[in-house]
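So the sequence shown is numbered by this note's numbering: it starts at 1 and just counts up by one.
C-beta atoms are modelled at their ideal positions from N, C-alpha and C, and glycine is treated no differently.
These notes concern the structure reproduced below.
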Amino acid sequence: MGATTPTIYSKGDHAYLYKESIPTLRSQVNAIIALCSVFLVLCWTTVGLRIYVRAGMMKAMGADDIWMMATMAAFTVYAVLLIVICANLIPHIPAYAAGEVPVSLAVPRMIVAGYCLYSVVSILFKFSLGYFFLRVFSTRRLWRTALIWISMVLPALLGILNIAWTARLPCQLESVFFAGLPSCGEFKSRTDWAVVAALWAGVSVITDIIYGVLAFLSITKLQMTFKVKVTAALLCSLGCIGGVAACVRMYFLIAQVPHLSVLGEALHTAIWSVIEPGLAIVAASMAMLKPLWNRLRDPNWSLSGQGTRPTPAPTTAPATRLQSVFRGRPAEKADDKSSTTGILVCVDLEQI
């Protein structure tokens, strides 16, 4: 028996939906391998430098750094697993391009594991980014803090439910890649799994965008110079990066792309499922490298003792005077309006 077998879908009236050109399918598989390899190098480099800055230079490891390390570990397993899956697809590209499906359950089961790992990576990263915002911004408007917590906890709960539902109903996901699998002979599409998966994906996109919007709304109230506000805006726009990639990913989940088979569309979704967390991890880690950049520009640059103490905890004290974001800069008085609506930045941007 061969490694693949035809199905009623690849031989039926709508067989064109399950077939595509061999070069196109091969390019998609190679793209996943290339992206996984590139992002593994970039992510390990930037996360490693981040840990060096936070633990080595600053002596101020925070909860966001711990969550980022966990995210990096999960992303590594996820990316390596995708490479293994693609390595198993490559020898049988002509058969898969003709609409055939694997006989063995090895590849379908690895796809289910990869989907669950993607969910884990997304959950962990949201906690890392959420704790980053909680550490940087402090405000008396408790709804902002509550919204950040909701943006962490709600996707996590839905993500766990999505993982459990997918593990319980693996044929629902396996049939997205390979319609007509012999192991899913009595397969029927279930609305409950689709609803859970769509709800989790939708909430993840919304919360990614919320992080970015919250940051920009907060920056308009920050008691900083214009130059520092621009820097903070660039750093905090990281919350939108994953959201943009997630929107593109959802497009491939919903829309039917011309000249692509069902497997090809699923592989396109997998491509964006690598880009989304990979970009987010790299960008979030690069945002922490300002002290290292300062040291490289000026070998005599130092933290003036700041790195020997942990980052101070956020405070909700009223904004009665301008808090300097750079140690040694004198404080200035704020007007009455700012004292009632101001938001204090309780973390030195040199330490971010």
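Closer than 8 Å is the cut-off here; do at least three beta carbon pairs connect the stretch 35 to 46 with the stretch 105 to 116?
no
Simplified DSSP state of Thr225, which is helix, strand or coil
coil
Tell me whether Thr4 sits in a helix, a strand or coil according to DSSP, three-state version.
strand
Alpha helix (DSSP H) runs wholly inside the stretch 83 to 108, at least 4 long, in chain order
93 to 97
Between which two residues does the alpha helix (DSSP H) carrying Pro60 extend?
Here the sequence assigns Ala to residue 60, which means Pro is not the residue at that position. Where Ala60 is concerned, there is no enclosing alpha helix (DSSP H), given that its DSSP letter is neither H nor E.
Going by the CB atoms, is the gap between Ala197 and Leu82 shorter than 8 Å?
no
Hey, quick one: how far does the alpha helix (DSSP H) through Phe178 stretch, first residue to last?
It is not in any alpha helix (DSSP H) - Phe178 carries neither H nor E in the DSSP assignment.
Kindly indicate which three-state DSSP category Ser324 falls into: helix, strand or coil?
Low confidence applies to Ser324: its pLDDT is 36, below 50, so where it sits in the model is not reliable enough to give any reading.
In or out: Ser128 buried (at least 16 other Cβ within 10 Å) or exposed?
Label assigned to Ser128: buried.
My output table needs one value for Arg190: the three-state DSSP class, helix, strand or coil.
coil
Write down the C-beta distance between Glu20 and Ala97 rounded to the nearest angstrom, noting that I regard them as a contact closer than 8 Å.
6 Å
Buried or exposed by the 16-neighbour rule on C-beta atoms within 10 Å, applied to Trp67:
buried
Does the distance between the C-beta of Phe75 and the nearest non-hydrogen atom of the ligand SAM fall short of 7 Å?
As presented, the structure is devoid of all ligands, the ligand SAM included, so that no description of it is given.
Does DSSP classify His268 as helix, strand or coil?
If DSSP states are grouped into helix, strand and coil, His268 belongs with the helices.
List the endpoints of the continuous alpha helix (DSSP H) containing Trp359.
A question about residue 359 goes unanswered here, because the residues of the chain that appear run from 1 up to 352.
Taking only beta-carbon positions, decide if Pro108 is within less than 8 Å of chain C.
Note that chain C does not occur in the displayed structure, where there is just one protein chain.
Since Gly130 contacts Met110 with CB under 8 Å, what's their CB separation in whole angstroms?
Not confirmed; about 30 Å, so no contact.
Which term fits Gly353, buried or exposed, when burial requires 16 or more other beta carbons within 10 angstroms of its beta carbon?
Not covered by the structure: residue 353. The range shown for the chain is 1 to 352.
Nearest to Arg291 by alpha carbon, out of Pro23, Tyr16, Asn30, Ala55?
Residue 291 is actually Pro in this sequence, not Arg. The shortest C-alpha separation from Pro291 is found at Ala55.
In chain order, each beta strand (DSSP E) run of at least 3 residues that lies wholly inside the stretch 108 to 170:
none
Determine whether the beta carbon atoms of Phe125 and Pro277 lie at a separation below 8 Å.
yes
Taking the alpha-carbon positions, what's the Met286 to Gly48 distance?
Roughly 10 Å between the two C-alpha positions.
Closest Cα partner of Val101 within the set Pro299, Val176, Leu199, Leu40
Val176
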